[in-house]
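Beneath this line is the structure, given in structure tokens, with notes to follow.
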Amino acid sequence: MARAQTFPKDFFWGGSIAAHQCEGAWQEGGKGPGMMDYCTAGSYGVPRRFTKELEKGTIYPSHEAIDFYHRYKQDIALFAQMGFTALRISIDWSRIYPHGDEEQPNQEGLDYYKDVIQTLIEYNIEPIVTLFHFEMPVQLVRKYNSWLNRNLIDFYLKYVKTVVSEYKGLVKYWVTFNEMNHIDPQTEASDFFVYMLAGLTYGELPGDKRESLATIGYNMTLAGVKAVKLIKEIDENNIVGCVFGIHPIYPRDCNPINVMNAFKEMDRDYYQIDAMCNGKFPTYKIKEYEDFGIHLEINKEDAKAFAEGQIDFIGLNYYQTGVSKTGEGHEDDEKLFGGVQNPYLKQSKWGWAIDPIGIRYLLNYTYRKYGLPIMITENGLGAVDEFIDGKIHDGYRIDYLQQHLSEIKKAIVEDHVECFGYLMWGPIDLVSATTGEMKKRYGFIYVNKNDDGTGDLARIPKDSFYWYQHIIQTQGVEL
Ligand code: BGP
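Residues in the sequence shown are numbered from 23 upward in steps of one, following my numbering.
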């Protein structure tokens, strides 16, 4: 058989969005308050804040976002015009169980997502549904202490059962969690990620910080494997994955100790994938925790859950590579640059290193480790777009995507990595997760909304819109 020359015929071409970054309508359709509704806007260098109460005069970007809630039909029509064959959306838990612990779900929330999903299907766009993309009812945090409490696993499974049963036969591809890998006691999981994933700030984590982080990571991983089993019990045709946000770590140089340290830094992002692919929570991790004096609450039945809940595919979000923070012989550069930059790479305006080869490296590394199919569930360039003669000529975005896609093609064609989809992050401009800005734009479609909340929310295709349309039409042969 001749070697494949391009992407497989049934490759998923599309994009990824998340409810709290696009829907808005935060008090409509019976939705309860979600954690992200209490998150202010920030900017590059100015962190977003989570406030206990809503502050007058402060902008909370999720409240209106880009109003996808009311405009999804128009937006999906534009995705269809580009030729999308898949769209990854997330379901906001607080639209289904407004406070997280109700007996009955909110039917209006279920109906809303059903219509979104049916609209996608009408356009032959495969819905890929994420069940947790930082969206969580506030009450689950305030009353139960979030994922530190094992009860959260049951609330999550109840929500998963409701949603997966409701969309049986409509949705086949499910994602249990987005980027839970940022919770780890050995990283300085930023305050922000702890909050987004677990709803708690460092200040609010009771007891030993590292033990709390390990517990949150364990409970979420356990919830993830239990969800896999449940989703397949509801429909054996369901295909279930989990999404991880990984930036490969390069060593500072070829000094063996620096190579070893870089490996260790990167390896931290993999213990949950190990747990979800190998049928058990890794013993090395439990022993490592013991070395640190961290005690995990592990029940006898947990082992069975890990044995029965292996995922079918791995989703990878890739934006950048990093350079190991530890580097013998490099103490001075660190002081000089205040962070570790790769001198071979350029950076985006938000300081993210642009490294197309990194995506091929990540695909190879992960595929060789597990042999499971992989979907690129996020990738893209956050940039400032400006109108010239009423148009946005975003050649910089086209270059970025072109280079990354051509490295993915090499991974598929030359390295034989089973990669079955490319979902560009933010195909329509939306709220940045880390900064809360609109100015950090990823889209093929411009949304007329500014950071101060002004703008008529009009949708305008950029040059990259037509470029991606052509790539999809031609199955990436020219890449
Ligand atoms: C990932 C998140 C997304 C998205 C993306 C880009 O970590 O899963 O929700 O936002 O990062 O980040 P940002 O929006 O901050 O540029």
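Yeah, the Cβ is synthetic: ideal placement off N, Cα and C, and Gly gets one too.
1) May I ask you to check if the CB of Lys-462 is nearer than 7 Å to at least one heavy atom of the ligand NAP?
2) Just mark Ile-111 as buried or exposed, buried being the case when its beta carbon has 16 or more other beta carbons within 10 Å.
3) Are there 16 or more other CB atoms within 10 angstroms of the CB of Met-288, so buried, or fewer, so exposed?
4) Quick one: using the 10 Å Cβ neighbour count with 16 as the cut-off for buried, is Pro-278 buried or exposed?
5) Check each candidate in Leu-179, Leu-132, Val-216, Asp-133 and name the one with the smallest Cα separation from Leu-170.
6) Return the residue from the list Leu-162, Asp-334, Ala-47 that minimises the CA-CA distance to Glu-86.
7) Going by alpha carbons, who is nearest to Phe-29 out of Thr-457, Phe-442, Gly-458?
8) Starting from Thr-152, trace the beta strand (DSSP E) both ways and give me its first and last residue.
9) Grouping DSSP H, G and I as helix and E and B as strand, with all else coil, what is Gln-369?
10) Cβ-heavy atom distance between Gln-294 and the ligand BGP below 7 Å?
11) Let me know if Lys-78 comes out buried or exposed under the rule of 16 or more other beta-carbons within 10 Å of its beta-carbon.
12) Less than 8 Å between the beta carbons of Asp-291 and Phe-314, yes or no?
13) Examine the ligand BGP and report whether any of its heavy atoms sits within less than 7 Å of the Cβ of Asn-200.
14) To the nearest whole angstrom, what separates the beta carbons of Ile-261 and Phe-335, a pair I think is in contact under 8 Å?
15) Measure the CB-CB distance between Gly-331 and Val-250 and report whether it falls below 8 Å.
16) Check this for me: beta carbons of Ser-168 and Ala-245, under 8 Å apart or not?
17) Have a look at the DSSP bridge pairing and note the partners of Ser-112.
18) I'd like to confirm something about Thr-62: is its beta-carbon nearer than 7 Å to some heavy atom of the ligand BGP, or not?
19) Between Ala-375, Gly-404, Leu-427, Thr-388, which lies nearest to Glu-459 when the distance is taken from Cα to Cα?
20) Kindly list the residues whose CB is nearer than 8 Å to the CB of Gly-360, restricted to its own chain and excluding five residues on each side of it in sequence; keep chain order.
21) For Leu-358, count neighbouring C-beta atoms within 10 Å of its own C-beta (all shown protein chains included) and say buried if the count is 16 or more, exposed if not.
22) Please indicate yes or no: does the CB of Thr-457 lie closer than 7 Å to some heavy atom of the ligand BGP?
23) According to DSSP, is Ala-405 helix, strand or coil?
24) Contact defined as beta carbons within less than 8 Å: I believe Ile-88 pairs with Val-469. What is the distance between those atoms, to the nearest angstrom?
25) Tell me which same chain residues have a C-beta within less than 8 Å of the C-beta of Tyr-272, skipping the five on either side of it?
26) So, using beta-carbon positions, are Phe-214 and Thr-456 closer together than 8 Å?
27) Expressed to the nearest angstrom, what Euclidean distance is found between the alpha-carbon atoms of Arg-117 and Glu-350?
28) Less than 7 Å between the CB of Tyr-126 and some heavy atom of the ligand BGP, yes or no?
29) Measuring only from the beta carbon, is Glu-77 closer than 7 Å to any heavy atom that is part of the ligand BGP?
30) Are three or more beta carbon pairs between the stretch 135-153 and the stretch 479-491 nearer than 8 Å?
31) Can you tell me which of Gly-498, Tyr-444, Tyr-422, Val-185 puts its alpha carbon nearest to the alpha carbon of Ile-113?
32) Tell me the rounded alpha-carbon separation between Ile-295 and Asp-32.
33) Quick one: what does DSSP say Ala-47 is sitting in, helix, strand or coil?
34) Check this for me: beta carbons of Lys-53 and Pro-120, under 8 Å apart or not?
35) Can you give the Cα-Cα distance for Met-57 and Gly-122, rounded to whole angstroms?
Taking the structure as given:
1) Within the structure as shown, the ligand NAP is missing, the only ligands being the ligand BGP.
2) Ile-111 sits buried, since 16 or more C-beta atoms from the chains shown fall within 10 Å of its C-beta.
3) Taking all protein chains shown into account, Met-288 has 16 or more neighbouring C-beta atoms within 10 Å of its C-beta and is therefore buried.
4) By the neighbour-count rule (16 or more Cβ atoms within 10 Å), Pro-278 is not buried but exposed.
5) Of Leu-179, Leu-132, Val-216, Asp-133, the residue nearest in Cα terms is Val-216.
6) Residue Ala-47 is the option with its Cα nearest to Glu-86.
7) Taking the Cα of Phe-29 as reference, the smallest distance to any Cα among Thr-457, Phe-442, Gly-458 is reached at Phe-442.
8) 148-152 is the extent of the beta strand (DSSP E) around Thr-152.
9) In this structure, Gln-369 counts as strand in the three-state DSSP scheme.
10) For the ligand BGP, not one heavy atom lies less than 7 Å from the Cβ of Gln-294.
11) So Lys-78 counts as exposed.
12) With contacts defined by Cβ atoms closer than 8 Å, Asp-291 and Phe-314 do not form a contacting pair.
13) Correct: Asn-200 has its Cβ closer than 7 Å to the ligand BGP.
14) With 8 Å as the limit, Ile-261 and Phe-335 qualify as a contact, their Cβ atoms being about 7 Å apart.
15) Yes, they are a contact pair.
16) Cβ atoms of Ser-168 and Ala-245: not closer than 8 Å.
17) The secondary-structure analysis by DSSP pairs Ser-112 across a beta bridge with Thr-152.
18) Outside the cutoff, so no.
19) When only C-alpha atoms are compared, the closest one is Gly-404.
20) Annotation note: pLDDT 49 at Gly-360 (below 50); position unreliable, no value reported.
21) Note on Leu-358: pLDDT 48, under 50, position unreliable in the model; no value is reported.
22) Within the cutoff, so yes.
23) Here Ala-405 sits in strand by DSSP.
24) Contact holds; Cβ gap of about 5 Å.
25) Excluding sequence neighbours, Tyr-272 sits near Ala-284, Thr-343, Gly-344, Val-345, Ser-346, Asn-364.
26) Yes. Within cutoff.
27) Near 50 Å, if we compare the C-alpha coordinates of Glu-350 and Arg-117.
28) The residue asked about is misnamed: residue 126 is Gln in this sequence, not Tyr. Gln-126: no, Cβ never under 7 Å from the ligand BGP.
29) Not under cutoff, so the answer is no.
30) Output reads no: the stretch 479-491 does not touch the stretch 135-153.
31) When each option's Cα is compared against that of Ile-113, the closest is Val-185.
32) Cα to Cα, the separation comes out at about 25 Å.
33) The answer is coil: DSSP assigns Ala-47 none of H, G, I, E or B.
34) Cβ distance < 8 Å, so Lys-53 and Pro-120 count as in contact.
35) C-alpha separation (whole angstroms): 12 Å.
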